[in-house]
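Chains as they are written, first to last, in UniProt numbering: chain G, 1 to 180; chain V, 1 to 180.
Cβ coordinates follow ideal geometry from the N, Cα and C atoms, glycine included.
Bear in mind that the values here come from a model prediction, so they are computed numbers and not experimental data.
There are 2 protein chains.
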Amino acid sequence: MSLRLAVLAMLDLEPASGYALLRRFQNSAGFFWHTSHQQLYKELHALHAEGLIDCAEVEQDGKPDMKVYTLNERGGRELDALLAAAATPLKIRDPLLVKLFAGRRLPPSELLAELERHRDQHRRTLATYEELVAYFAAAPAERRQRYFFPQQTLRMGVLYEQAWLQWCEEVIAGLPRAAG
Amino acid sequence: MSLRLAVLAMLDLEPASGYALLRRFQNSAGFFWHTSHQQLYKELHALHAEGLIDCAEVEQDGKPDMKVYTLNERGGRELDALLAAAATPLKIRDPLLVKLFAGRRLPPSELLAELERHRDQHRRTLATYEELVAYFAAAPAERRQRYFFPQQTLRMGVLYEQAWLQWCEEVIAGLPRAAG
DNA sequence: GGGAGCATGTAAGTAGTTACATGATTGA
DNA sequence: TCAATCATGTAACTACTTACATGCTCCC
């Protein structure tokens, strides 16, 4: 039910095409919700079939046509109904930590390489989030206010990436190293 | 595939019953892998049917019989094969952040209550993890070494809970409050 | 007598992944 | 000409959740 909630919440801020939503789910919103284009388009079709969002086909030059979806009044009510329920805690399933849990079975060099890969990825993601923070900080007051809550989720993204980065660095530093 | 990996990795440390594994997935290992008893028992049946783990029925007095599973040699090879693949990054789907993203549609009092509930939960979880850290720190050297990698995952659990706690406190402090 | 913890399971339904599929434009 | 970006979709499969199910012991 939460993909539905995430999509409705995004469309509540501004109308968007499936592709535009997808980019957000893979970038800024990627911190709190992940999805694939297959799932997203299916959900958009379902929401449209249920009359919760409106669809307008827009022609573009040099680019394929796109379908722009807008939250309508019924969709707003559905969104409010979903929001009324308590948020269940995130259920974590982290492949890297599972791998590290069994780390004693792996050659240290491979573990090190894996940790460095993740560390670099977290550095990049943190940099992206910090750019977004700066972008919002420089935005006009109206926009800053409209995006007050999204900015709070972004703040968690920053804290999350910082925690991972610190952890990767700590573990790399403390790893028993193979004799060279 | 990662539930399989998580189960094999746990049984690599020591034999256990489904119920014992379940408690770990809900407590100490709950940080990096979440599962239900339905999924877990199904996976144990599958692993046993494939000859990757051995099963011994153990009678207990005052308690129901239990099935104790042990990783065998083939299971060890399967574990190593799964570990050889790169760990894909965790895919986050966090209902609380989705709810907060749409926070402007909610009454501030309800948001506050939700955040306080999560803050309290994170405090409790952090306390649990810190107890486990202390427990490991006091363990004999042999055990400390055997559990070196599990302890690293626990460290991430602590950093993660601290980040969430900080975030909950920040957001609560910055929330526009309703007139009393 | 009731609830919590121990210990296991099946079945039905929903959500998510992987694979397959198309076709235009822009830049290296 | 090759890869990337834009933009959308279907189908098959796997993983996960929710609901249903049993039964014993210990403690209040």
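Simplified DSSP assignment, three categories, for residue i
| i | result |
| --- | --- |
| G/Thr70 | strand |
| V/Ala16 | strand |
| V/Arg112 | The amino acid at residue 112 of chain V is misidentified as Arg; the sequence shows Leu. In the structure shown, V/Leu112 sits in a helix (DSSP, three-state: H, G or I). |
| V/Ala86 | coil |
| V/Gly51 | coil |
| G/Met10 | helix |
| residue 182 of chain V | In this structure chain V extends from 1 to 180, so residue 182 of chain V is not present and cannot be described. |
| G/Met1 | coil |
| V/Ile172 | helix |
| G/Pro150 | helix |
| V/Gly62 | coil |
| V/Leu106 | coil |
| V/Ala179 | Legend: pLDDT at V/Ala179 = 47, less than 50; position of this residue unreliable, value from coordinates given subsequently. Coil. |
Local Cβ density within 10 Å of residue i, reported as buried at 16 or more and exposed below that
| i | result |
| --- | --- |
| V/Gly157 | buried |
| V/Asp94 | buried |
| G/Pro150 | buried |
| G/Lys99 | buried |
| G/Met10 | buried |
| V/Ser28 | buried |
| V/Ala179 | Confidence at V/Ala179 is low in this model, with a pLDDT of 47, below 50, so the placement of that residue is unreliable and no value is reported for it. |
| G/Glu73 | exposed |
| V/Thr153 | buried |
| G/His45 | exposed |
| V/Ser17 | buried |
| V/Leu70 | The question names Leu, but residue 70 of chain V in the sequence shown is Thr. Under this definition V/Thr70 is an exposed residue. |
| V/His122 | buried |
| V/Ala87 | buried |
| V/Val7 | buried |
| G/His118 | buried |
| V/Gly174 | exposed |
| residue 181 of chain V | Nothing can be reported for residue 181 of chain V, as the shown portion of chain V is limited to 1 through 180. |
| G/Gly62 | exposed |
DSSP bridge partner residues for residue i (one or two, in chain order)
| i | result |
| --- | --- |
| V/Glu57 | V/Lys67 |
| V/Trp33 | G/Arg93 |
Contacts of residue i in chain V (Cβ-Cβ under 8 Å)
| i | result |
| --- | --- |
| G/Asp12 | Ala102 and Arg105 |
| G/Arg155 | Trp167, Glu170 and Val171 |
| G/Pro95 | Ser2, Leu5, Ala87, Thr88, Pro89 and Leu90 |
Closer than 7 Å at the beta carbon, the chain G residues around residue i
| i | result |
| --- | --- |
| V/Tyr160 | Ala163 |
| V/Ile53 | None at all; the shortest Cβ gap to chain G is about 15 Å. |
| V/Val98 | Ser2, Leu5, Ala6, Ala9, Phe32 and Trp33 |
| V/Glu130 | Ordered by position in chain G, no residue passes the 7 Å Cβ test against V/Glu130, which lies about 15 Å from the chain. |
| V/Glu114 | Ala86 and Ala87 |
Contact list for residue i against chain V, beta-carbon separation under 9 Å
| i | result |
| --- | --- |
| G/Met66 | Those within 9 Å of G/Met66 in chain V number zero; the least Cβ separation is about 23 Å. |
| G/Asp120 | Residues of chain V passing the Cβ test: none, with the nearest at roughly 12 Å. |
Residue i: contacting residues in chain V (beta-carbon distance under 7 Å)
| i | result |
| --- | --- |
| G/Leu21 | Near G/Leu21 there are no residues of chain V at all, since even the closest Cβ is about 13 Å away, more than 7 Å. |
| G/Leu79 | Ala102 and Arg105 |
Listed by chain order, chain G residues near residue i by CB distance under 8 Å
| i | result |
| --- | --- |
| V/Pro150 | Phe101 |
| V/Leu83 | Lys99, Ala102, Arg105 and Leu106 |
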